[in-house]
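Each position in the sequence shown, counted from 1, maps to that position plus 614 in the numbering used here.
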Amino acid sequence: EMLLEVAARPDSGAEAAFDIPEDDAVSEVAAMAPPEQDALASEEPMPKVELEDLIQLRSSDLRWHSWTTMSARLERKLWDSEQQEERNELQEAHSSTRGTCDLSTDWFR
């Protein structure tokens, strides 16, 4: 715009540098405008989001979070119970073999 103003002044001597007719210059400047502005102007306005919709979305997020948290807790309990079962089995195996060693055998003497 500033260049066009300078070129339009009769005392600037810049008219010779710009041989573009005024209508072409205006259309050229208009063509330099970002296309997003034209697209946004032609689009319909975005619909307003109702408070109830936001509450519903938030509650579904909370349900998902609580479900995944509950699922993780159940998996942890299952893993803990499996680990406890393995520990119990090892303890039973260890305690059952503990009494079978006969110290009176000749092998230990």
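Don't be surprised by glycine CBs; every beta carbon is placed ideally from N, CA and C.
> Mapping DSSP to helix, strand and coil, what is Glu664?
Replying inline: The residue given as residue 664 occupies position 50 in the sequence shown. Correct three-state label for Glu664: coil.
> If we ignore side chains and look at the alpha-carbon of each, how far apart do Trp693 and Asp675 end up?
Replying inline: Stepping through the sequence shown from its first residue, residue 693 is reached at position 79. Stepping through the sequence shown from its first residue, residue 675 is reached at position 61. Cα to Cα, the separation comes out at about 27 angstroms.
> Quick one: Cα of Ser709 to Cα of Lys691, how far?
Replying inline: On the sequence shown, position 95 is the one that residue 709 refers to. On the sequence shown, position 77 is the one that residue 691 refers to. Ser709 and Lys691: Cα-Cα distance of roughly 26 angstroms.
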